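Peer 1:
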């Protein structure tokens, strides 16, 4: 019953017939649509009603900027234009301050009590998205810019441009070292990407140490190709930030681009747990931690072809 309503509406025969016809129509459309997962056209594969299953999900995480500092800012023309091509969540929030707990939460559904950027953090075999995907026969990799070599577990490298605190998969012993990759290992043939990829720019290109314009220039050079490819290969690009610049509201930019996405502004109030829940639902994985209490992102899916 709608809020404020107390009367039971009358039902006539015409309404009953219309409802029966609608149920029959829905039943006839209930089967999931299947397609070549890496086709060159914008064909969408559905997991269930209203939830697509991308062939690949690419999550790119920038640093320490509020929503209005990026989308719509003259210093970020590329990211502003890219956001307009997809679904922009204008009520997106980080989980905490400082950075590290946000990355851990996005990957595992919990901050695991982490409240600082101290390194190393060793979270053992705690459940996480990477392990879920691998155990389900799918794949995961994190691509970290300025990391000196694959499998690196040090806290810092390249004069501080690389920071392990931004690479949460390193903290979990049940994630193979081979999943911890340098940015240079991002495949030229993007169809060779794992099911889910996390891309972490270095401390300058992620806007932590450098201006928004520098991060936007990096995005233009590196994300333009990913966004174009995703649109024609049933894949989803998620661009988000770990936290804002330290405010209590922790209001961050988050937007999504792909053939399954309707462009526009979405009012849903979300955080990193909602993003994690969405990815888990796409691949029928059990929601982890606080992601189990978070609603998947909604209001922006296109219907399957």
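Numbering (mature numbering (1 follows the signal peptide of the UniProt record, and there is no 0)), first residue to last: -31 to -1, 1 to 274. Ideal Cβ placement from N, Cα and C applies to all residues, glycine included. The structure displayed is predicted, hence computed values, not measured ones.
Using the rule of at least 16 other Cβ atoms within 10 Å of the residue's Cβ for burial, across every protein chain shown, is residue 127 buried or exposed?
Peer 2: It counts as exposed.
Peer 1: Consult DSSP for residue 255 and reduce its assignment to one of helix, strand or coil.
Peer 2: Three-state result, residue 255: coil.
Peer 1: Identify which residue in 98, 156, 173, 159 has its Cα closest to the Cα of residue 139.
Peer 2: For the residues 98, 156, 173, 159, the minimum Cα distance to residue 139 belongs to 98.
Peer 1: Tell me whether residue 202 is buried or exposed, calling it buried when 16 or more other Cβ atoms sit within 10 Å of its Cβ.
Peer 2: When all chains shown are included, residue 202 counts as buried.
Peer 1: Which first and last residues belong to the beta strand (DSSP E) in which residue 216 is found?
Peer 2: Looking at the DSSP string, residue 216 is not in any beta strand (DSSP E), and its letter there is neither H nor E.
Peer 1: Taking DSSP's pairing of strands, which residues face residue 150 in a bridge?
Peer 2: DSSP, once it has assigned bridges, lists 112 as partnering residue 150.
Peer 1: Note down the Cα distance separating residue 153 from residue 170, rounded to an integer number of angstroms.
Peer 2: Whole-angstrom Cα-Cα distance: 11 Å.
Peer 1: What ranges does the alpha helix (DSSP H) occupy inside the stretch 180 to 249, keeping only unbroken runs of at least 4 residues that lie completely in it?
Peer 2: Listed in chain order, they are 181 to 201.
Peer 1: Can you have a look at residue 268 and say buried or exposed, based on whether 16 or more other CB atoms are within 10 angstroms of its CB?
Peer 2: With fewer than 16 other Cβ atoms within 10 Å, it is exposed.
Peer 1: Below 8 Å between beta carbons: does that hold for residue 39 and residue 222?
Peer 2: In contact: residue 39 and residue 222 (Cβ atoms closer than 8 Å).
Peer 1: Which residue marks the beginning of the beta strand (DSSP E) containing residue 59, and which one marks its end?
Peer 2: Element bounds for residue 59: 56 to 62.
Peer 1: Between the alpha carbons of residue 27 and residue 226, how many angstroms are there, rounded?
Peer 2: Straight-line Cα distance between these residues: approximately 10 Å.
Peer 1: Give every residue of the same chain whose Cβ lies closer than 8 Å to the Cβ of residue 233, excluding the five residues on either side of it in the sequence, and list them in chain order.
Peer 2: Within the same chain, residue 233 has close Cβ partners 56, 57, 269.
Peer 1: Who are the Cβ neighbours of residue 247 in its own chain at under 6 Å, not counting the five residues just before and after it?
Peer 2: Excluding positions up to five away in sequence, the list reads 265, 266.
Peer 1: With DSSP collapsed to three states, give me the class of residue 66.
Peer 2: If DSSP states are grouped into helix, strand and coil, residue 66 belongs with coil.
Peer 1: Report the rounded CA-to-CA distance for residue 188 versus residue 167, giving the unit in angstroms.
Peer 2: Approximately 15 Å, taken between the alpha carbons.
Peer 1: Can you tell me the Cα-Cα spacing of residue 69 and residue 78, whole angstroms?
Peer 2: Roughly 13 Å between the two C-alpha positions.
Peer 1: Using beta-carbon positions only, say whether residue 35 and residue 214 come within less than 8 Å of one another.
Peer 2: A contact, by the Cβ cut-off of 8 Å.
Peer 1: Buried or exposed for residue 241, please, with buried defined as at least 16 other CB atoms from any protein chain shown within 10 angstroms of its CB.
Peer 2: Buried, by the Cβ-count rule.
Peer 1: Consult DSSP for residue 46 and reduce its assignment to one of helix, strand or coil.
Peer 2: Residue state, collapsed to three classes: helix.
Peer 1: Between which two residues does the beta strand (DSSP E) harbouring residue 104 extend?
Peer 2: Per DSSP, residue 104 belongs to no beta strand (DSSP E); it is in the alpha helix (DSSP H), 98 to 104.
Peer 1: My output table needs one value for residue 139: the three-state DSSP class, helix, strand or coil.
Peer 2: Of the three classes helix, strand and coil, the one that applies to residue 139 here is helix, per DSSP.
Peer 1: Just confirm the distance between the C-beta atoms of residue 100 and residue 144, as a whole number of angstroms; I'd bet it's less than 8 Å.
Peer 2: About 6 Å separates the two Cβ atoms, so the contact holds.
Peer 1: From what residue to what residue does the beta strand (DSSP E) around residue 362 run?
Peer 2: Because the chain here runs from -31 to 274, residue 362 falls outside it and cannot be looked at.
Peer 1: Can you name the start and end residues of the beta strand (DSSP E) that residue 166 belongs to?
Peer 2: Residue 166 -> beta strand (DSSP E) spans 165 to 169.
Peer 1: Determine the burial state of residue 134: buried for a count of at least 16 other Cβ atoms within 10 Å of its Cβ, exposed for fewer.
Peer 2: Buried, because 16 or more other Cβ atoms sit within 10 Å of the Cβ of residue 134.
Peer 1: Could you give the DSSP three-state label for residue 77: helix, strand or coil?
Peer 2: Helix, per DSSP.
Peer 1: Among the residues of its own chain, which have a CB less than 7 Å from the CB of residue 172, if the five just before and after it don't count?
Peer 2: Closer than 7 Å at the Cβ level, and outside the excluded window around residue 172, lie 129, 130, 132, 178.
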